[in-house]
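Student: Residue numbers (the numbering used here): 176 to 281. Even for Gly, the Cβ is constructed at its ideal location relative to N, Cα and C. Quick caveat: nothing in here was measured; it's all calculated off a predicted structure.
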């Protein structure tokens with residue numbers, strides 16, 4: 176396994192909102208409504224991700240190549256997964272997992 180995904184100490188996530196601990200603004204805050212992950216402001220279909228309970232994928236242009244599977248405490252690409260690109264996510268909220276894997280906030 177490639178390692179674990181952890182929420183850095185300078186970020187906070189309550190499952191619905193992900194933002195920096197210091198200097199949070201509407202522009203660097205991400206929201207999750209139970210189905211979609213999107214920026215707090217200026218959300219478009221192009222910067223919105225969809226979560227269906229096991230798959231995390233872009234709202235537009237989704238393919239098996241840019242879709243992540245998150246299940247059983249692990250996250251991995253839908254295709255081409257191996258031990259080098261499979262991550263332990265433990266009990267992190269999907270919003271925090273997305274922050275690392277697809278939003279690349281840290």
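Grab me the residues of residue 275's own chain with a C-beta within less than 7 angstroms of its C-beta, minus the 5 sequence neighbours each way, in chain order.
Tutor: Taking the first residue of the chain shown as position 1, residue 275 is located at position 100. The answer, listed in chain order, is 180, 281.
Student: Between which two residues does the alpha helix (DSSP H) carrying residue 272 extend?
Tutor: In the chain shown, the residue the question calls residue 272 occupies position 97. Start and end: 269 to 276.
Student: Give the range of the beta strand (DSSP E) segment to which residue 221 is assigned.
Tutor: Locating residue 221 in the chain shown gives position 46, where the first residue counts as 1. Taken as a continuous stretch (DSSP letters only), residue 221 belongs to no beta strand (DSSP E), as it is neither H nor E.
Student: State the CB to CB distance for the pair residue 226 and residue 234, rounded to an integer number of angstroms; the pair is presumed to be in contact (CB under 8 angstroms).
Tutor: If you number the chain shown from 1, residue 226 lands on position 51. If you number the chain shown from 1, residue 234 lands on position 59. The pair is not a contact, with the Cβ atoms about 11 angstroms apart (cut-off 8 angstroms).
Student: Determine the contact status of residue 264 and residue 245, defining contact as a CB-CB distance below 8 angstroms.
Tutor: By 1-based counting over the chain shown, the position of residue 264 is 89. By 1-based counting over the chain shown, the position of residue 245 is 70. A contact, by the Cβ cut-off of 8 angstroms.
Student: Let's test the definition: count the other Cβ atoms within 10 Å of the Cβ of residue 176 and tell me whether it reaches 16, buried, or not, exposed.
Tutor: As a working mapping, residue 176 is identified with position 1 in the chain shown. By the neighbour-count rule (16 or more Cβ atoms within 10 Å), residue 176 is not buried but exposed.
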